[in-house]
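Okay, so the sequence shown: first residue is 4 according to our numbering, each after it adds one.
All C-beta atoms, glycine included, are put in the ideal place defined by N, C-alpha and C.
Everything numeric in this text was worked out from a predicted model, so none of it was measured.
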Amino acid sequence: MMDDLFYDFKVDKEAKTIYITREFDADLDLVWDAFTKAEILDQWNAPAPFTARTKYMNFKVGGSRFYAMISPEGQEKWSLQTYISITPKSNFKQFNVFTDPEGNPEPTGSDWDYKFIEHKDMTRVMITIHNESFERMERLLEGFTIGMKMSLENLDTVLMNLSAK
Numbered sequence: 004m005m006d007d008l009f010y011d012f013k014v015d016k017e018a019k020t021i022y023i024t025r026e027f028d029a030d031l032d033l034v035w036d037a038f039t040k041a042e043i044l045d046q047w048n049a050p051a052p053f054t055a056r057t058k059y060m061n062f063k064v065g066g067s068r069f070y071a072m073i074s075p076e077g078q079e080k081w082s083l084q085t086y087i088s089i090t091p092k093s094n095f096k097q098f099n100v101f102t103d104p105e106g107n108p109e110p111t112g113s114d115w116d117y118k119f120i121e122h123k124d125m126t127r128v129m130i131t132i133h134n135e136s137f138e139r140m141e142r143l144l145e146g147f148t149i150g151m152k153m154s155l156e157n158l159d160t161v162l163m164n165l166s167a168k
């Protein structure tokens with residue numbers, strides 16, 4: 004793994020939008036799979052010491068992923084991601100909302116737009132997250148900033164292990 008992978012995290016509070024760009028030392032197919040297959044997502048999509056567990060995932064337009072981030076004490080924080088559009092190996096969009104364990108959503112969520120670009124055996128992922136509510140974004144921002152960076156670092160390790168197979 005390379006130590007100088009590009010990472011940029013910007014917040015535009017006025018627009019209620021977060022912009023993340025991250026480079027990975029892996030080919031596009033593998034990075035795409037890491038973002039779109041539950042068995043790989045569950046390996047990296049939670050900052051340690053939390054873990055992720057997908058209850059179900061149907062990666063297609065109109066489909067969804069229902070999953071929990073689980074604390075070491077066993078507390079679960081559930082989320083539902085509904086896929087709005089998918090252009091294979093290039094882009095997908097989803098709506099994300101926190102829920103209770105039965106899937107009943109909170110009043111506001113966020114729109115996520117993922118773009119994937121491959122260049123010389125590296126893959127760059129650009130994520131734009133638009134929050135429906137400024138209050139929601141403000142409430143989550145500090146923990147999200149730290150957690151997202153940790154999760155993407157987890158993904159580096161997962162990609163390295165998968166590339167070695």
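Start and end residues, alpha helix (DSSP H) containing residue i
| i | result |
| --- | --- |
| V128 | No alpha helix (DSSP H) contains V128, which is instead part of the beta strand (DSSP E) from M125 to N134. |
| F98 | Here F98 belongs to no alpha helix (DSSP H); instead the beta strand (DSSP E) covers N94 to T102. |
| E145 | F137 to A167 |
Residue i - DSSP class collapsed to helix/strand/coil
| i | result |
| --- | --- |
| L83 | strand |
| S113 | strand |
| V14 | strand |
| A55 | strand |
| E121 | strand |
| F27 | strand |
Contact check, residue i vs residue j, beta carbons under 9 Å
| i | j | result |
| --- | --- | --- |
| F27 | T111 | no |
| K118 | I132 | no |
| K152 | F12 | yes |
| I149 | P50 | yes |
| G66 | M60 | yes |
| L31 | E121 | yes |
Run of the beta strand (DSSP E) containing residue i, from where it starts to where it stops
| i | result |
| --- | --- |
| F69 | S67 to I73 |
beta-carbon residue i near the ligand GDP non-hydrogen atom, thresh 8 Å
| i | result |
| --- | --- |
| K13 | Among the components of this structure there are no ligands whatsoever, and the ligand GDP is therefore not found. |
- Query: Is the region 19 to 27 close to the region 38 to 55, with three or more CB pairs under 8 Å?
  - Reply: no
- Query: Is the region 70 to 85 touching the region 98 to 109, taking contact as three or more C-beta pairs under 8 Å?
  - Reply: yes
- Does the region 132 to 141 touch the region 156 to 168, meaning 3 or more C-beta pairs lie closer than 8 Å? no
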